[in-house]
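Q: One structure coming up, written as structure tokens, with questions to follow.
Protein chains in written order, with my numbering: chain Y, 4 to 490; chain R, 1419 to 2122.
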């Protein structure tokens, strides 16, 4: 027995010494996000599966897919990628739950899908959405290739139909797990061009370097690493088309809620979203559009830079290295809906973030703010939908009145015949283009005299580093269910 | 006919359609008409400071009279400027600690004080001449101009070290002791016209203006326009403009009553950027840090001090391994601390901890009594609390008044990984581990014994491959020497030090430094080196002296210069060498960048056992010694290196510290050997006896 103990001690002693933190210099990692990343499944090679088949159109490809994946279309047809509508939700300021989405909302870029299906539905994962009568129950209209084509040759044209000359058989034989460029076809080019809409999503993310996006650049993440799908329902919400953040992706899906070694930094996480510090700026390479003024459209300006002015669209402002604007955000937004009143003299927020300094669920988030000036009915004081696409839309006729009448007929928004332009504001919460941690914001970026943070606008009496934060100052209102005890 | 042609030509030219063959000019596209394209800026910080009436030294409205601004009068309307100037070691610069030559703490026979006024600066090679001595090197007016970039005014720039009154106003019937000066161009002795120049008042605005125009202030002082220095600093505000002589007031921006708002002036508390004006790179901004040597960045060049929140990886410098250097230059700057939050005014009620030494009574841990805000604002004590460093020699009575690391940090809470934490905390300054490497190239050698062709000393820098001012040079960084130093409270701890070694000529008895101007005369003959000097130093006989040849590394070469100095009348000229340590007190990085490798100290290759380079080349026969007021304790001799330089070679436990693993104690080794031998002997004896007894028993049993 004594001998056995001596052997155990002799064997374990050095191990104990080696594991002692004293001289190793390696502290225990607080955060191990890698263990949450699912291993990638190897997709089935489809190259030999379509022997003897020819595809004349998109639906014929889908029919072939459904022979082996019979449930796939049904699953997909329940998702917002197909319906362009979300689940019923109670929009702040409105009494009844309603389904909203790209299909029926107004934004301050191209304004509305309604009456403009020809171009807008180029990004619909379906075939042939030409008008309001599109059959959302027809399985063969689901476009499998736009997400699963790995040949890089597949492209969509008007009404979401495959572009002229696309080799559908080659595309079908290439299918696999969606890559960044599959998602990017629509999400990088939202708003009509690369980087226009989001600011944190653009073509540079197709093959990003680490400095551009640490997840994609260092770890080679595809979008689906975070936006995981269950039966084709892809996780993720965008506050431009949804008022809630349910089923969304969060940093804490993989990272610890308080992942920093520094207690000081961890003390921020209740009030500051991760993205606020880890996204020092967006649109780092490709400029993003920050303002669009439709009111100047229609003039012939030969030689104008298309990034500053287009006759069909008006005047723009683009910005590279955009420093976000910061607002409280509790995961919900308000939403301007068709027929809602618009401020003709002020600015109408189309999707104002909900939450304020007293809201315990709200945190300070970074947003891209897109400022617009778009058609409005001067008598009814509502925003209007113009028909812009050919053959009879504004981009061809340059006749606002006619375009608005056509848009009114398609959208159901009454049009009095008197129109003007109203200023609007739309926000985009930013989550992509996360920088490596050694490029995250530092204390002096937000605190001190050269702060990027407007603490007064956020409701603080002064810089919280000097005056105390909302907890210290007892500014939080009790959460629902609390008995008035402030944290 | 010709008239018709002219008319036709005129018609063609007058017809724009015919004449304009250039492409149609592009129209400007209509601009965005959205009213608020960017978010509203944050509101400016409110200022409660009342308007300031700009007065001159006579109390008149300075702009209305075109006279220099007097801050003693203007600021003195509300603040006790007299008190502020007297209780202010930045202003006094050692004037209030003057002693006879040779009795200053530095031990140099010619020093008369511990501050920059009276303490020899080997970086500059000029010495303030003790009162009444000849030959003159620096008189009071010369000192003011030479130190314009490093002195805030007041003190010796305003008052005489001899009679205590205002400079240029000696007691009746006495020759002005502060009159002697050297002419800049000729080097001839002259008498300074104090009436024309005025004096340099304490410049409150240098520290309390948001955008002080320090270049103009320095320009005014260096031009001898001392009285205009306070006006010059307002140039950046647009209230004053430089003239051929002096400055003019921009009366369009100043009302007739001379009252200017604090916002217009940009008045406020002292920011780190203000300190940066004199102390070098101490900014709070996030601009990429770019190193520039020279007098305006002397603190970085001497002590490697960069108090900036910016990340090293984003600096403008060519740092080795830059991409991985994610730590800020100084974590305290990054965490929003400004200089004055550590170096605060001792009677600032927000920071005062109840007297400099605590409450002073046993039953109190904290004394809540404070100066009232009005008292503090009237008489803010400008003897800012300070640490205890080898180089911060001025204001010795305030050493250690600052809160040190342990006053703010609970080290025990965060050093669980560290064996024997109390022993480490007692023996080491925190910076020993938390500033493991410094990247700014620092001055290691200033050798005034030979001059470069541009009349500058031979200098060496540590931590750089290539010329120090070349942006392409690779900054490799350096590990500071970890050396024991005796602090003002007599405690001895191991601190990171940067060692600056200087050599210069002294002559006479008591010794005085050879004047730079005389040294130039000795070494040069016009634009070329003197023939005797050239003959002694020109090793390759090419008729010129290269940088490598500018070292007096043999007695013969030393003697060549000695003879030249003797020819100028200097008696017993000889080389003096000294080591000025600069304690590393800033540049604390992120905790992740701290030294956590025990073997860095506790091993045969530990930093305390390795020779520390002092110089790549050294003059012969002048081993340098630490200056007396640094408190430095050398753990070994200074030895020549095979390459002709010098190094500090540690030989013993520094100042009684035993560094486990790094140093041997022979008695401990012998004790161990004896213990081992005793144990083995015991075991052998015991087992032998057991075997012997067993054998006997066996035999006895066998017999039975």
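Note that beta-carbon positions come from the ideal geometry of N, C-alpha and C, so glycine has one too.
Predicted model, so just to flag it, every value in this text is computed and none were measured.
What does the alpha-carbon distance come out to for the pair residue 355 of chain Y and residue 340 of chain Y?
A: As a first step, residue 355 of chain Y is located in the first chain; it is residue number 352 there, counting from the start. As a first step, residue 340 of chain Y is located in the first chain; it is residue number 337 there, counting from the start. When rounded, the distance between both Cα atoms is 12 Å.
Q: Is residue 304 of chain Y close to chain R, meaning its C-beta is less than 9 Å from at least one C-beta of that chain?
A: The residue given as residue 304 of chain Y occupies position 301 in the first chain. Residue 304 of chain Y counts as touching chain R.
Q: For residue 1666 of chain R, list the residues DSSP reports as bridge partners.
A: Taking the second chain and counting its residues from 1, one reaches residue 1666 of chain R at position 248. For residue 1666 of chain R, which the question treats as bridged, DSSP gives the partners R:1659.
Q: Given that a residue counts as buried once 16 or more other Cβ atoms are within 10 Å of its Cβ, and exposed if not, what is residue 47 of chain Y?
A: The residue labelled residue 47 of chain Y in the question sits at position 44 within the first chain. By the neighbour-count rule (16 or more Cβ atoms within 10 Å), residue 47 of chain Y is not buried but exposed.
Q: Does the Cβ-Cβ distance between residue 1946 of chain R and residue 1955 of chain R come in under 9 Å?
A: As a first step, residue 1946 of chain R must be located in the second chain, where it is residue number 528. As a first step, residue 1955 of chain R must be located in the second chain, where it is residue number 537. No, the Cβ-Cβ distance between residue 1946 of chain R and residue 1955 of chain R is not below 9 Å.
Q: Sorted by chain position, which residues of the same chain lie with C-beta nearer than 6 Å to residue 1545 of chain R's C-beta, five sequence neighbours on each side aside?
A: Stepping through the second chain from its first residue, residue 1545 of chain R is reached at position 127. Within the same chain, residue 1545 of chain R has close Cβ partners 1528, 1538, 1555, 1931.
Q: Which residues mark the beginning and the end of the alpha helix (DSSP H) in which residue 1843 of chain R is found?
A: Working through the second chain from its first residue, we reach residue 1843 of chain R at position 425. Where residue 1843 of chain R is concerned, the enclosing alpha helix (DSSP H) stretches over 1839-1845.
Q: How big is the Cα-Cα spacing for residue 173 of chain Y and residue 479 of chain Y?
A: Against the first chain, residue 173 of chain Y aligns to sequence position 170. Against the first chain, residue 479 of chain Y aligns to sequence position 476. Whole-angstrom Cα-Cα distance: 59 Å.
Q: Considering only the beta carbon of each residue, do residue 2057 of chain R and residue 2037 of chain R sit closer than 9 Å?
A: Position 639 of the second chain, counted from the first residue, corresponds to residue 2057 of chain R. Position 619 of the second chain, counted from the first residue, corresponds to residue 2037 of chain R. Not closer than 9 Å, so no.
Q: Alpha carbon to alpha carbon, how far is residue 468 of chain Y from residue 224 of chain Y? Give it in angstroms, no decimals.
A: Working through the first chain from its first residue, we reach residue 224 of chain Y at position 221. Working through the first chain from its first residue, we reach residue 468 of chain Y at position 465. Their backbone Cα atoms lie some 36 Å apart in a straight line.
Q: Under a CB-based cut-off of 9 Å, is residue 1681 of chain R close to chain Y?
A: Position 263 of the second chain, counted from the first residue, corresponds to residue 1681 of chain R. Residue 1681 of chain R does not count as touching chain Y.
Q: Does residue 426 of chain Y have its Cβ less than 9 Å from a Cβ in chain R?
A: If you number the first chain from 1, residue 426 of chain Y lands on position 423. Judged by the 9 Å Cβ criterion, residue 426 of chain Y is in contact with chain R.
Q: Less than 9 Å separating the beta-carbons of residue 353 of chain Y and residue 428 of chain Y?
A: Within the first chain, residue 353 of chain Y is the residue found at index 350, counting from 1. Within the first chain, residue 428 of chain Y is the residue found at index 425, counting from 1. Cβ distance < 9 Å, so residue 353 of chain Y and residue 428 of chain Y count as in contact.
Q: Closer than 9 Å, CB to CB, is residue 188 of chain Y near chain R or not?
A: Stepping through the first chain from its first residue, residue 188 of chain Y is reached at position 185. Output row for residue 188 of chain Y: interface = no.
Q: For the segment 229-302 of chain Y, list the alpha helix (DSSP H) runs that are entirely contained and at least 4 residues long, ordered along the chain.
A: Counting only runs of 4 or more, we get 266-269, 277-281.
Q: Residue 1782 of chain R to residue 1788 of chain R, Cα distance in whole Å?
A: For the purposes of this step, residue 1782 of chain R is taken as the residue at position 364 of the second chain. For the purposes of this step, residue 1788 of chain R is taken as the residue at position 370 of the second chain. Cα-Cα distance, rounded: 15 Å.
Q: Would you kindly check if the distance between the Cβ of residue 185 of chain Y and the Cβ of residue 153 of chain Y is under 9 Å?
A: The count along the first chain starts at 1 and reaches residue 153 of chain Y at position 150. The count along the first chain starts at 1 and reaches residue 185 of chain Y at position 182. Yes, Cβ-Cβ distance for residue 153 of chain Y and residue 185 of chain Y is below 9 Å.
Q: Just how far apart, CA to CA, sit residue 165 of chain Y and residue 338 of chain Y?
A: What you label residue 165 of chain Y is simply residue 162 of the first chain in a count that begins at 1. What you label residue 338 of chain Y is simply residue 335 of the first chain in a count that begins at 1. Rounded to whole angstroms, residue 165 of chain Y to residue 338 of chain Y spans 33 Å at the Cα level.
Q: Name, please, each residue of chain Y whose Cβ falls closer than 8 Å to the Cβ of residue 1457 of chain R.
A: Here residue 1457 of chain R is taken as the residue at index 39 of the second chain, counted from 1. The answer, in chain order, is 328, 372, 457, 460.
Q: Who are the near neighbours of residue 2107 of chain R in its chain, counting only those whose CB is closer than 8 Å to its CB and skipping five residues on each side?
A: For this step, residue 2107 of chain R is matched to residue 689 along the second chain. Closer than 8 Å at Cβ, skipping near neighbours: no residue.
Q: Under three-state DSSP, which class holds residue 1820 of chain R?
A: Reading the second chain from its first residue, position 402 is the one you call residue 1820 of chain R. Coil, per DSSP.
Q: Identify which residue in R:1460, R:1886, R:1979, R:1961 has its Cα closest to the Cα of residue 1862 of chain R.
A: Residue numbering aside, residue 1862 of chain R sits at position 444 when the second chain is read from its first letter. Nearest C-alpha to residue 1862 of chain R: R:1886.
Q: Which of the three DSSP states, helix, strand or coil, is assigned to residue 2045 of chain R?
A: Counting from one through the second chain, the residue named residue 2045 of chain R turns up at place 627. Coil.
Q: Return the residue from the list Y:391, Y:359, Y:408, Y:409 that minimises the CA-CA distance to residue 401 of chain Y.
A: One-based indexing of the first chain puts residue 401 of chain Y at position 398. Ranking Y:391, Y:359, Y:408, Y:409 by Cα distance to residue 401 of chain Y puts Y:391 first.
Q: Buried or exposed, going by whether 16 or more other CB atoms sit within 10 Å of the CB of residue 2053 of chain R?
A: Along the second chain, one-based indexing puts residue 2053 of chain R at 635. It is buried - the Cβ of residue 2053 of chain R has at least 16 other Cβ atoms within 10 Å.
Q: With distances taken between CB atoms, is the gap from residue 1822 of chain R to residue 1805 of chain R smaller than 9 Å?
A: One-based indexing of the second chain puts residue 1822 of chain R at position 404. One-based indexing of the second chain puts residue 1805 of chain R at position 387. Yes.
Q: Among the residues of its own chain, which have a CB less than 7 Å from the CB of residue 2153 of chain R, if the five just before and after it don't count?
A: Only positions 1419 to 2122 of chain R appear in the structure, and residue 2153 of chain R is not among them; the question remains open.
Q: Determine which residues of the segment 283-294 of chain Y have a Cβ less than 9 Å from any Cβ of chain R, and write them out in chain order.
A: Residues 293, 294.
Q: How long is the line joining the alpha carbons of residue 1876 of chain R and residue 1819 of chain R, rounded to whole angstroms?
A: Position 458 of the second chain, counted from the first residue, corresponds to residue 1876 of chain R. Position 401 of the second chain, counted from the first residue, corresponds to residue 1819 of chain R. The straight-line gap from Cα to Cα measures roughly 38 Å.
Q: Under three-state DSSP, which class holds residue 1692 of chain R?
A: Counted from its first residue, the second chain places residue 1692 of chain R at position 274. Residue 1692 of chain R falls in the helix class under three-state DSSP.
Q: Just confirm the distance between the C-beta atoms of residue 449 of chain Y and residue 455 of chain Y, as a whole number of angstroms; I'd bet it's less than 8 Å.
A: Taking the first chain and counting its residues from 1, the one referred to as residue 449 of chain Y is at position 446. Taking the first chain and counting its residues from 1, the one referred to as residue 455 of chain Y is at position 452. Correct: roughly 6 Å between the Cβ atoms.
Q: State the Cα-Cα distance for the pair residue 1829 of chain R and residue 1807 of chain R, rounded to the nearest angstrom.
A: Looking up residue 1829 of chain R in the second chain gives position 411. Looking up residue 1807 of chain R in the second chain gives position 389. The straight-line gap from Cα to Cα measures roughly 21 Å.
Q: Which value, in whole angstroms, describes the spacing of the CA atoms of residue 406 of chain Y and residue 310 of chain Y?
A: On the first chain, position 403 is the one that residue 406 of chain Y refers to. On the first chain, position 307 is the one that residue 310 of chain Y refers to. Those two C-alpha atoms are separated by around 24 Å.
Q: What is the rounded straight-line gap between the Cα of residue 1467 of chain R and the Cα of residue 1458 of chain R?
A: In the second chain, residue 1467 of chain R corresponds to position 49, counting from 1. In the second chain, residue 1458 of chain R corresponds to position 40, counting from 1. Between residue 1467 of chain R and residue 1458 of chain R, the C-alpha separation is close to 26 Å.
Q: With a Cβ-Cβ cutoff of 9 Å, do residue 317 of chain Y and residue 376 of chain Y count as a contact?
A: The residue labelled residue 317 of chain Y in the question sits at position 314 within the first chain. The residue labelled residue 376 of chain Y in the question sits at position 373 within the first chain. Yes. Within cutoff.
Q: Could you give the DSSP three-state label for residue 1452 of chain R: helix, strand or coil?
A: For the purposes of this step, residue 1452 of chain R is taken as the residue at position 34 of the second chain. Residue 1452 of chain R falls in the coil class under three-state DSSP.
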